[in-house]
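The block underneath contains the structure these notes are about, expressed in structure tokens.
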Amino acid sequence: MITVNQLKAIYPTLKVNQTPEHDEADLALMVDDQWLSIPKATLSTSEQALLLSLACTVDNEHRPWYAFLWGQKKQVPTKRETSVRVLQFQVTFTDSSGQKAAWLEALQAYFVKPIDAFWLDEATGILIETQSDDSFETNFTGILQSLDAVFYTKTVFYIGHFWPVSVELPALFQMERQLFKQVQRSSVNTLAPSLFQSLIQQDRLYTPLIEALKTSLPTDSETLQMINTFFKYHGKLSQAAKALFIHRNTLVYRIDKFYKLTGFDLRNNYDLTLCHLIMN
Amino acid sequence: MVEIDLDHIYKQYPNAEDAGYAVSDFDLHIKDKEFIVFVGPSGCGKSTTLRMIAGLEDISKGDLKISGELMNDVAPKDRNIAMVFQNYALYPHMTVFDNMAFGLKLRKYDKADIAEKVKYAGEVLGLTDYLDRKPADLSGGQRQRVALGRAIVRDAPIFLMDEPLSNLDAKLRVSMRAEIAKLHQKLKTTTIYVTHDQTEAMTMADRIVVMSMGEVQQIGSPSEVYDTPKNKFVAGFMGSPAMNFFDIHYKDSQITDGKGLVLEVPEGRAKMLNSKGYNGKDLTLGIRPEDIHAEETFIQTWPNSVVSSEVIVSELLGATSMLYSKVDDTEFVATVDARDFHNPGDTIKMAFDLNKAHFFDGETTTAIR
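Protein chains in written order, with the UniProt record's numbering: chain A, 1 to 280; chain B, 1 to 369.
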């Protein structure tokens, strides 16, 4: 097996890094448990391929971000003062042709500043991203649908919050992981609705109350669709009616009917949100 | 040559036995090179059906055959299908060329082969001059074309498109509609296109499959589903503005809705209704806005189908104008010639062309023919 020193003798521009972060212009690889980077400009295509095949597969334990987020090392893996967001993903592959590496490569290509991305097991993994000006513009639904179209996968995203990189981050991340395990409502999940729903589900003191409410509410798909759509359109009657392919007056009629039946007025934000969460 | 057979397909989700079938008894033969559109409101099962064809959802019951070969248990990648979804994302750092080539590179295609396929897709989509540009330097329409390009380079004989235009603004949607139709004429790829927009279905399809509540309501050419809808749902869903419906009572060649609408049914139609045993029964009358006329010639031609109505709202659209009107308590909309524009508040005479009207059974809502 080639050593770092041997490589350095051949490629004087080789750098040993503390973290897997590197420029796009560099070829990054791991040898002897060390992160290395060599400017691609100094390498031919065949040299790049050869070097990548020499480099070993990186165990998650060797990844500074894994060790940090899973509490194995206290050392913050970056010196820069920055905020990061962890995207958790769960992927169901419809065939067994081993497209995992390619899938992850394709996912990373969508991000401006991915620090690291890796699989945790056969179906789940994470991508860590630094905050940038256009981070909030990321079209997660588009990325998910594009990946699923290419790889015939069924993907679920859970998008974490941007947190400053500090010693508190691992605990916050583990809580986000916990949330992801408990709350999966759609293919793209974000913090606020998941947290809100979890608050309702977790506070055991009120569980019997919530269960009783749940039993008293209608369970038919038409009512559920009406509530979800009305919630999605922020309680705007015309927009929700359009999305439901019904006349605005029909929606008003159904909302009145729901009120008479349950005592919850969906035009009231608290009532709407509560019904939306309980019924889902 | 690719033909797709959906032979009495059903879909039931696990743990949802009580909810019944998400799709039931979907039976369709799709011919080679055909452009089929599944249309219906959200939740009607059209995307689920598409996903079953792609292999992304299991089929609960029934057979799916592609070119005669049973596909129920074939992996999606082996079905040789390319998909385009509603929402798409392009790789922001890659050029148009690389965006289209990336999927092939990951699949370890030969470099020259990739270049050839991307070049071809670029030509088909009119993107040849943009292959070196990055997504940020493209217009919305060009980006959408790149997304289509990623499907074209896969050289698949079947395209599945799931609401590919829904995220675009109205103007772009119209132009992309034409682009996709042109693309189909060039590539002749068997295409299944899912949309909730009846205009897209009418303008693009060779045949339309109208769905509601997991069931196929009607399969036919755009003119068939528009002119001879099988039931009230199809009649109301296809066409914009939608067909006017009136709950009426039919007796002795006369219809009335009890709210001011009284019309004489033409002899031929009355004969048909009588022969089917509808004399003295409650029915639904359906009439398209363009079959209600304000021109003097029509009013003179059908004196027994004329109503005196009040215009509530009028919209001048250039060549035509829409008159939202009412007869006593019965409201309806008429699309009339722009010369027959009337102001709100005007009371005018309008003739219902009952030869073109549709009658639906009051209980089953099935069309009476």
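Here a beta-carbon is modelled for each residue, glycine too, at the ideal position from N, C-alpha and C.
Remember, it's a predicted structure, so these values are computed and weren't measured experimentally.
Within 9 Å, strictly: CB atoms of residue i and residue j
i, j, result
"L144 (chain A)", "V188 (chain A)", "yes"
"V153 (chain B)", "V96 (chain B)", "no"
"L261 (chain B)", "D337 (chain B)", "no"
"L172 (chain B)", "G140 (chain B)", "yes"
"F245 (chain B)", "G286 (chain B)", "yes"
"L6 (chain B)", "F26 (chain B)", "yes"
"K276 (chain B)", "I180 (chain B)", "no"
"I299 (chain B)", "K349 (chain B)", "yes"
"K65 (chain B)", "M71 (chain B)", "yes"
"residue 296 (chain A)", "R80 (chain A)", "No information on residue 296 (chain A) is available, as it lies outside the stretch 1 to 280 that chain A covers here."
"G149 (chain B)", "N80 (chain B)", "no"
"I292 (chain B)", "D353 (chain B)", "yes"
"L36 (chain A)", "N17 (chain A)", "yes"
"Q142 (chain B)", "L168 (chain B)", "no"
"K40 (chain A)", "D59 (chain A)", "no"
"V234 (chain B)", "Y250 (chain B)", "no"
"F102 (chain B)", "A101 (chain A)", "no"
Whole-angstrom distance between residue j and residue i, CA atom to CA atom
i, j, result
"T155 (chain A)", "H358 (chain B)", "46 Å"
"L107 (chain A)", "L147 (chain A)", "7 Å"
"Q239 (chain A)", "G268 (chain B)", "43 Å"
"K356 (chain B)", "R267 (chain A)", "42 Å"
"S67 (chain B)", "K33 (chain B)", "12 Å"
"T366 (chain B)", "T49 (chain B)", "24 Å"
"M52 (chain B)", "P41 (chain B)", "19 Å"
"Q48 (chain A)", "T273 (chain A)", "54 Å"
"N30 (chain B)", "R207 (chain B)", "For the sequence presented, residue 30 (chain B) should be read as Ile rather than Asn. Approximately 9 Å, taken between the alpha carbons."
"E168 (chain A)", "E61 (chain A)", "20 Å"
"G214 (chain B)", "Y21 (chain B)", "7 Å"
"A170 (chain B)", "M176 (chain B)", "10 Å"
"E69 (chain B)", "A112 (chain B)", "32 Å"
"I59 (chain B)", "K117 (chain B)", "33 Å"
"V210 (chain B)", "D227 (chain B)", "14 Å"
"F151 (chain A)", "T138 (chain A)", "20 Å"
"L120 (chain A)", "L28 (chain B)", "43 Å"
"A136 (chain B)", "L90 (chain B)", "10 Å"
"R339 (chain B)", "T320 (chain B)", "8 Å"
"T128 (chain B)", "V112 (chain A)", "26 Å"
"S83 (chain A)", "K15 (chain A)", "25 Å"
"R288 (chain B)", "L172 (chain A)", "60 Å"
"E176 (chain A)", "P170 (chain A)", "10 Å"
"H247 (chain A)", "M94 (chain B)", "45 Å"
"E222 (chain A)", "F258 (chain A)", "12 Å"
"L7 (chain A)", "W65 (chain A)", "25 Å"
"A149 (chain A)", "K260 (chain A)", "45 Å"
"K61 (chain B)", "Y13 (chain B)", "12 Å"
"Q201 (chain A)", "F118 (chain A)", "31 Å"
Backbone secondary structure at residue i - three-state DSSP
i, result
"K349 (chain B)", "strand"
"D95 (chain A)", "coil"
"D110 (chain B)", "coil"
"Q239 (chain A)", "helix"
"G277 (chain B)", "coil"
"M175 (chain A)", "helix"
"S135 (chain A)", "helix"
"E264 (chain B)", "strand"
"S37 (chain A)", "strand"
"H247 (chain A)", "coil"
"P164 (chain A)", "strand"
"F264 (chain A)", "coil"
"K257 (chain A)", "helix"
"H8 (chain B)", "strand"
"Y11 (chain A)", "coil"
"F196 (chain A)", "helix"
"P114 (chain A)", "strand"
"I219 (chain B)", "strand"
Cβ distance (whole Å) where residue i is taken to contact residue j below 8 Å
i, j, result
"S309 (chain B)", "S325 (chain B)", "4 Å"
"residue 281 (chain A)", "F140 (chain A)", "Coverage of chain A is limited to positions 1 through 280, which leaves residue 281 (chain A) absent and any answer about it impossible."
"I278 (chain A)", "L199 (chain A)", "With a Cβ gap of about 12 Å, I278 (chain A) and L199 (chain A) do not count as contacting."
"I38 (chain A)", "T78 (chain A)", "Rounded, the Cβ-Cβ distance is 21 Å, inconsistent with contact."
"D361 (chain B)", "L283 (chain B)", "7 Å"
"M226 (chain A)", "L213 (chain A)", "In fact, because the Cβ distance is near 18 Å, the residues do not count as touching under 8 Å."
| task | Determine, using beta-carbon pairs with one atom in the segment 189 to 207 of chain B and one in the segment 28 to 41 of chain B, whether at least three such pairs fall under 8 Å. | result | yes
| field | Inter-stretch contact (C-beta, 8 Å, three-pair minimum) for the segment 313 to 322 of chain B and the segment 331 to 350 of chain B | value | yes
| request: Would you check if there are 3 or more beta carbon pairs closer than 8 Å linking the segment 78 to 92 of chain B to the segment 151 to 168 of chain B? | output: yes
| query | Contact between the segment 170 to 185 of chain A and the segment 81 to 91 of chain A: three or more CB pairs below 8 Å? | reply | yes
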